[in-house]
Amino acid sequence: MELLRISSLPSKRKNCTIQVTDEQFTIQGHFYYLVNKEFRKSKTKSGSCSVKEYLGLATLRKRSPRKTLFFMAFAVILEIVDTIAGKINDIFFFADTSWTDYVVNTVIVLCILLGLRAFFSKKKVIEISFVSKRFCVDEKLFAEDDIDKLDRVLMKLR
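Counting in our numbering, the sequence shown runs from 14 upward without gaps.
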């Protein structure tokens, strides 16, 4: 018997539906798994778990380590390009090497943009924890009342 069914807000591009029955928790649509502190997109469009395994709800705000590592790698590339440009200026002191300044400045601007992207790209999700799985949905997809109702129903069934 279906006890609760909540759908994502209609104005959002991504959609997600959560259904709770006496025995089963089912989530369909756009959601993530939390594995080793890393968000993994679901390969299937649905996931389920036993209601008896429910642990609780939490709100997570986390930066993507992949974007941070990409920024760090690009900063290293910036340093290498800067060193190479300096050597080119030293070797070809008699020629016009002003183009190296443009290359270095372009790489600096790209590095700053990647740093800003890494700094401001916090993912805000609601984690629904079970013993065997940890589901995460975007915080903006559901109304706060729906999430509170979901928590109460799952706590009763546990």
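Quick reminder that beta carbons are idealized off the backbone N, C-alpha and C, glycines included.
DSSP beta-bridge partners of residue i
i: Y115; result: BP columns for Y115 are empty, so no partner.
i: T39; result: Q32, S61
i: S20; result: T30
i: R147; result: S142
i: F52; result: L47
i: K136; result: K75
i: E178; result: Outside the shown range of the chain, which is 14 to 171, sits residue 178, and nothing can be said about it.
Buried versus exposed call for residue i [16 or more other C-beta atoms within 10 Å across all chains shown]
i: Y67; result: buried
i: I97; result: exposed
i: F133; result: exposed
i: V33; result: buried
i: A131; result: buried
i: S21; result: buried
Selected residue, minimal CA-CA separation from residue i, among the options
i: V144; options: L163, A98, S63, L129; result: S63
i: K136; options: L126, K146, D151; result: D151
i: E157; options: K65, A71, G99, Q37; result: A71
i: E92; options: W112, C124, T81, L73; result: C124
i: F87; options: P23, V122, L167; result: V122
Contacts around residue i, its chain only, beta-carbon distance under 7 Å, and the 5 residues preceding and following it disregarded
i: D103; result: none
i: R147; result: Y46, L47, E140
i: K80; result: R130, A131, S134
Chain-order list of residues whose beta-carbon lies under 8 Å from that of residue i (same chain, five-residue window excluded)
i: K58; result: Q41, G42
i: F52; result: Y45, Y46, K75, S77, K136, V138, C149
Contact set for residue i: own chain, Cβ-Cβ below 6 Å, skip 5 residues either direction
i: D95; result: V117
Inset, instruction - At 3 residues or longer, and completely inside the region 60-129: list those beta strand (DSSP E) runs for me, N to C. - result: 67-76
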